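Residue numbers (this note's numbering): 24 to 316.
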């Protein structure tokens with residue numbers, strides 16, 4: 024049995040499928056989170072909150088993640104502090120417009136927010152469990168908006184990585200989206216610490232490092248080089264040059280895009296690429312490679 028480092032956050036709500044796949048093949052998987060989400064544009068969001076939806080010609084707000092709820096919370100609290108906890112002004116009343124959400128978790132987070140921070144927060148929350156995807160939410164919004172012939176504009180809270188499914192469906196139906204980025208994903212500031220903890224507490228030999236995305240690869244590889252002898256593409260020079268205390272590992276990729284980035288940009292040798300981006304295919308590829316050695 025050897026350790027397999029999975030460069031991703033494990034699923035906390037249920038058994039992690041990638042960890043289970045490796046564990047069932049007698050490996051010891053260790054997941055280390057590599058990304059974190061940060062709130063951005065809080066001042067601009069607070070400015071928008073201070074203006075009534077009516078003055079902005081808004082028919083509602085679209086909230087697609089709990090991170091967006093956190094951003095709204097930060098902006099609302101900043102306004103409350105700036106206004107010395109004065110009562111909500113009628114012209115900044117966000118109770119009058121619906122908030123459309125993707126999934127039950129986001130809907131619950133918004134309801135909790137309105138209870139904790141009654142100022143600048145929603146009362147009319149729509150969607151939820153019946154709108155768990157962008158397609159379903161778009162269809163729900165189009166049916167829900169008044170069909171009175173007037174133009175409709177919605178404030179759309181986004182991150183830095185969003186699919187265009189929702190905007191395309193709504194805009195093709197004549198709904199204008201006022202998009203505002205309120206959070207961004209970046210390399211985890213805790214990754215070096217979390218990696219060191221994983222190395223400290225795991226006594227088994229290290230066999231593999233599994234990469235799941237090019238953006239992650241570029242961030243984590245310099246940090247990994249502080250602990251591992253990573254195999255260089257078309258050469259064993261890097262392995263030979265590393266001191267003996269470095270862990271010698273093989274590299275696996277979740278798919279061809281990640282494989283190409285590792286080989287072409289980072290100059291790493293990739294021993295295994297999953298046939299399909301699925302846990303069992305990835306773990307099977309690693310096992311078959313080891314059995315062939």
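By construction, the Cβ of each residue, glycine as well, lies at the ideal position given by its N, Cα and C atoms. Since we're looking at a predicted model, the values are computed, not measured.
In this model, residue 254 and residue 142 are separated by some 56 Å (Cα to Cα). Between residue 98 and the set 204, 218, 194, 157, the nearest pair of CA atoms involves 204.
Contact between the segment 274-282 and the segment 222-232 is present: 3 or more CB-CB pairs across the two stretches fall below 8 Å. Residue 269 is not bridged by DSSP to any residue. Taken through DSSP and simplified to helix, strand or coil, residue 198 comes out as strand.
Exposed is the label assigned to residue 74, since fewer than 16 other Cβ atoms lie within 10 Å of its Cβ.
In the DSSP assignment, residue 54 falls within the beta strand (DSSP E) that extends over 51-54.
The beta carbons of residue 154 and residue 125 sit about 6 Å from each other, so the pair counts as a contact at 8 Å. In the same chain as residue 164, and ignoring 5 residues on each side of it, the C-beta atoms closer than 6 Å to its own belong to 123, in chain order. Judged by beta-carbon spacing, residue 68 lies beyond the 8 Å limit of residue 52, meaning their Cβ atoms are not closer than that value.
With respect to the 8 Å criterion, residue 120 and residue 81 are classified as neighbours on the basis of their beta carbons. Here the alpha carbons of residue 55 and residue 186 stand approximately 26 Å from one another. Contact between residue 315 and residue 304 is ruled out by a C-beta separation of about 17 Å, above the 8 Å threshold.
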